[in-house]
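Following: one structure in structure tokens, then a few remarks.
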Amino acid sequence: MLSTSSKAKIELSADAKRKKLEEARDLSARGTKNLQTSLFQWSPDHLTAAPYFEQASDCYKQAGDYENALTMAVKSSESYEACNTL
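355 is the number of the first residue of the sequence shown in the numbering used here; add one for each residue after it.
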């Protein structure tokens, strides 16, 4: 059995939490950029965007921002569904 100390959540320092949130925002922006269309990219690239959203969700979760973590997980699921890789 696990002791109570090993079950405790690991808290990030304020600086580490800020870095995780910054990393999550960057990954989210990269994913969103892959969904934009342009002159040379006629359709959204869900296959490239989905892993970015998934990684952003993990970063938000580690930082304790569960609302954004859920949002990114849903975006990731939608992108995976759009490219038929469930």
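Ideal Cβ positions, reconstructed from N, Cα and C, are used throughout, including at glycine.
Remember, predicted model here, so these are calculated numbers, not experimental data.
Host alpha helix (DSSP H) of residue i (start-end)
i	result
S382	A368 to L389
Beta-carbon spacing of residue i, residue j below 9 Å
i	j	result
K374	A417	yes
S411	A403	no
C413	L393	no
D419	A378	yes
G385	K415	no
Neighbourhood of residue i by C-beta distance below 8 Å, restricted to the same chain and skipping five residues each side
i	result
D399	N388 and L389
Nonlocal neighbours in the same chain, by C-beta distance under 7 Å from residue i, ignoring five residues either side
i	result
S397	T391
S433	H400, A403, A404 and F407
Sequence-distant residues of the same chain with beta carbon closer than 6 Å to residue i, five excluded per side
i	result
S409	The sequence shown places Gln at residue 409, rather than the Ser named in the question. Excluding residues within five positions, the ones whose Cβ falls inside 6 Å are L381.
E464	Any question about residue 464 goes unanswered here, given that the chain covers just 355 to 440.
L366	none
T358	Reliability of the predicted coordinates at T358 is poor, the pLDDT of 49 falling under 50, and the value obtained from them is presented with this limitation in mind. Same-chain partners within the cutoff: there are none.
A436	H400
Could you give the uninterrupted runs of the alpha helix (DSSP H) lying entirely in the region 403-437, keeping only those of 4 residues or more? 420-436
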